[in-house]
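Visitor: According to my numbering, the residues represented by the first sequence are 2 to 510, in order.
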Amino acid sequence: MSFNGLNDQEIRRREELSKLRELGVNPYPSSYTKSHNSSDVLSQFSDEDASALSDISIAGRIVAVRKMGKATFCHIQDEAGKIQVYLKKDDLGEVYDHFSLFDIGDIIGVKGYAFRTKVGEISVRATVLTLLAKSLTPIPLGKEETDENGVVTRYDAIADKEQRYRKRYLDLIANPEIKATFIKRSKIITAMRRYFDERGWLEVETPILQPLYGGATARPFITHHNALDIELYLRIADELYLKRLIVGGFEGVYEISKNFRNEGMDKTHNPEYTSMELYVAYKDYTWMMEMTEDLLQTIAMQACGGTDVDFKGTALSFKAPFARAKMYDLFQEHTGKDLRGASREALYAIARELHVEVEPSASSMKILDEIFSEKVEHHLVQPTFVMDYPVEMSPLAKAHSTESGLVERFELFVMGKEVANAFSELNDPIDQRERLEEQSRIRADGDDEAMVLDEDFLNAIEVGMPPTAGIGVGIDRLVMLLTNNDSIRDVLFFPQMRPEKTQAQRSEE
RNA sequence: GAUCUCGUAGCUCAGCUGGCUAGAGCAUUUGACUUUUAAUCAAAGGGUCCUGGGUUCGACUCCCAGCGAGAUCACCA
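#1: Below 8 Å between beta carbons: does that hold for Ile209 and Ala175?
#2: Starting from Lys180 and walking both ways along the alpha helix (DSSP H), at which residues does that stretch end?
#3: Label Asp491 either buried or exposed according to how many other C-beta atoms from any shown protein chain fall within 10 Å of its C-beta, with 16 as the threshold for buried.
#4: Specify the secondary structure class of Met302 as computed by DSSP and reduced to three states.
#5: Taking the alpha carbon of Lys399 as the reference point, which residue from Val377, Lys367 and Pro468 has its own alpha carbon closest?
#6: By how many angstroms is the C-alpha of Asp230 removed from the C-alpha of Met222?
#7: List, from N- to C-terminal side, the alpha helix (DSSP H) runs of 4 residues or more that fit wholly inside the stretch 325-413.
#8: Give the DSSP-derived three-state secondary structure of His99 in the structure shown.
#9: What is the C-beta distance between Ala60 and Ile105, in whole angstroms, given that I count them as a contact (C-beta under 8 Å)?
#10: In this structure, how does DSSP classify Glu62 when only helix, strand and coil are distinguished?
#11: Cβ of Phe414 within 8 Å of Cβ of Val420?
#12: Taking Cβ to Cβ, would you say Thr182 is nearer than 8 Å to Asn486?
#13: Would you mind reading off the limits of the alpha helix (DSSP H) that contains Glu40?
#14: Exposed or buried, Ser441, counting other C-beta atoms within 10 Å across all chains shown (16 or more means buried)?
#15: Can you tell me whether Ser552 is helix, strand or coil according to DSSP?
#16: Please classify Ala451: does DSSP put it in a helix, a strand, or coil?
#17: Can you tell me the Cβ-Cβ gap for Phe424 and Ser395, rounded? I've got them flagged as a contact below 8 Å.
#18: Do Ala192 and Thr34 have their C-beta atoms within less than 8 Å of each other?
#19: Let me confirm a value: His356 is counted as buried when at least 16 other C-beta atoms fall within 10 Å, else exposed. Which label applies?
#20: If I follow the unbroken alpha helix (DSSP H) through Asp432, where does it start and stop?
#21: Within the continuous alpha helix (DSSP H) that includes Phe458, where are the two ends?
#22: Per DSSP, Lys112 forms a beta bridge with which residues?
#23: When the Cα atoms are used, what is the spatial distance from Leu88 to Glu163?
#24: Helix, strand or coil: how does DSSP classify Glu240 here?
#25: For Asp309, list the residues DSSP reports as bridge partners.
#26: Touch check for the stretch 127-134 and the stretch 94-109: three-plus C-beta pairs under 8 Å?
#27: Output needed for Val474: all residues of its chain with C-beta closer than 6 Å, excluding positions within five of it in sequence on either side, in chain order.
#28: Consult DSSP for Met19 and reduce its assignment to one of helix, strand or coil.
#29: Which residue marks the beginning of the alpha helix (DSSP H) containing Lys90, and which one marks its end?
#30: Mark Glu314 as exposed unless 16 or more other C-beta atoms lie within 10 angstroms of its C-beta, in which case mark it buried.
#31: Would Lys71 and Lys90 be called neighbours here (beta carbons separated by less than 8 Å)?
#32: For Lys20, which residues in the same chain have their Cβ closer than 7 Å to its Cβ, ignoring the five residues on either side in sequence?
#33: Tell whether a beta-carbon distance below 8 Å holds between Leu427 and Leu454.
#34: Ordered along the chain, which non-local residues of its own chain (more than five positions away) have a Cβ less than 8 Å from that of Ser39?
#35: Suppose you measure from the CA of Ile123 to the CA of Asn8; what does that come to, to the nearest Å?
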């Protein structure tokens, strides 16, 4: 065995591993029968009658050891929490001596009985001690102190954000409270799925590898299929495939899936992220708004226990109904200007007047977008539906039934961020073709985020799609809001990080 | 992509306007200790000071470049 590149602690643990094997201890047995979780023991223990917990077995990782000669206290951590274990030479005989070859980080099984120590902590006294997995790497576990009020102070735990994201397994061990965020994330998705399933909408799967990408304006990732010798794109949205399924006769389909966008990364953007898209036939965006507020209210209640949540000091209410505002009314309210029907030149002049910086060559849409971002968005703190967007901004949305130049679209904003985007889906094939051809022209003019023309999708719309309402929800952003996290990296187990350069890579350059 | 800040032991950090052998606590090792709880007491080992250049008699410290991270902005839903 080579110890090259290992530090003293890593070498010592390998030596201990060999010693254990020599003593006939299997450091990696196949299974272990657990009767209780730590939390079960703590909640079920009774001082009056300890017989219920007189023969139990628990298992977990050693996270703290206090050795006092022929008796040792340690804490083990399992999925549900931590519990103290009491080991005594008299009880364990030579197995007690093996314990000196165990380390913080090792996973052990403990069979024994629950009791309360002199100082009052419910603990498990071991009659049988089993090593379940020897740990070969020191784990950066901080010591903890719990005061009379049960407030836990942790010292020196792994704090470096980079390490926490790159080695999430260590983060989860050393900072187990972050599990709550991920458990809530799972509950949010489960609640959403349950809501849709109860209404009879079908969960489906559509291709991630696509010969053409579409459904959103974004730059894609490109990959290559060897056997077909073609370029394939990682999807940027589910929209065009889900609509094909509505054309095919399904009347409610949804997909919870990863999308991939080849763009910048920051607090609210990860190159791969989770979105949910739902399409329901014979409905429009008004119906969809009502569904959305009911959905989010339901999710908040099921995942957070109520419709009121705290986000970094702001009290948010997900109690339906949400505020609704037309986009142009919001412009009027926050800029004092009526931008309806304004020409590009007029918009440009207004932007300058409002001190909103825009490129002189910017399109009307770009200018509107800028003014909205700078002057309106940050006012939308509580959940707010912004309705009725200009047609040019929304090539897949249906023209508004009463207002020309607009489409039946809404976006849901919370804390100034977009959480959902929905519209009455465009099902007029002629109109759809013209809009996508316009996108092709914009693309040809150099905007590589404009949509690609997908003939097969147009063919599907020509076959005939019923009136349909569709929505996309950014799951990560929703989870951020409901778990009080302001960085997307804290709601993803494994956020994308720049790979660390190896020594070899460095010397090549 | 731009700017600012940061990178020292397994972990958390100190290290002055450049100056002796780079420190502390935890973790680790050895010894003591059969109800401890940030256990305690005694001793010991452990460093590519992010990397590579430069300035200097002398660099953890100053300068340049690079790598990585965080924050802000830009881009982007």
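A virtual CB, placed ideally from N, CA and C, is assigned to each residue, including glycine.
Guide: Once the coordinates are examined:
#1: no
#2: Lys180 to Glu199
#3: With at least 16 other beta carbons inside 10 angstroms of its own, Asp491 counts as buried.
#4: helix
#5: Pro468
#6: The question names Met, yet the displayed sequence has Phe at residue 222. The alpha-carbon atoms of Phe222 and Asp230 are separated by roughly 17 Å.
#7: 328-336, 345-354 and 365-372
#8: Note: His99 maps to helix in three-state DSSP.
#9: So it is not a contact: roughly 16 Å between Cβ atoms.
#10: Sequence inspection shows Arg at residue 62; the Glu mentioned does not correspond to that position. Looking at Arg62 - three-state DSSP - the assignment turns out to be strand.
#11: yes
#12: yes
#13: Per the sequence presented here, residue 40 reads as Ser, with Glu not at that position. Note, Ser40: alpha helix (DSSP H), Ser39 to Gln45.
#14: exposed
#15: Given a span of 2 to 510 for the chain in the structure shown, any question on residue 552 remains unanswerable.
#16: coil
#17: 6 Å
#18: In terms of Cβ geometry, Ala192 and Thr34 do not form a close pair [threshold 8 Å].
#19: exposed
#20: Pro430 to Ala445
#21: Phe458 -> alpha helix (DSSP H) spans Glu456 to Val464.
#22: According to DSSP, which records beta bridges pairwise, Lys112 is partnered with Ser58 and Val129.
#23: 37 Å
#24: helix
#25: Ser318
#26: yes
#27: Met277 and Ala421
#28: It is worth fixing the name first, because residue 19 is Ser in this sequence and not Met. DSSP places Ser19 in helix when its eight states are reduced to three.
#29: Lys90 to Leu93
#30: Reading off the sequence shown, one finds Gly at residue 314, where the question assumed Glu. Classification for Gly314: exposed.
#31: yes
#32: Leu102
#33: Judged by beta-carbon spacing, Leu454 lies beyond the 8 Å limit of Leu427, meaning their Cβ atoms are not closer than that value.
#34: Ile59, Gly61, Ile77, Gln78, Asp79, Ala81, Gly82, Lys83 and Ile84
#35: 37 Å
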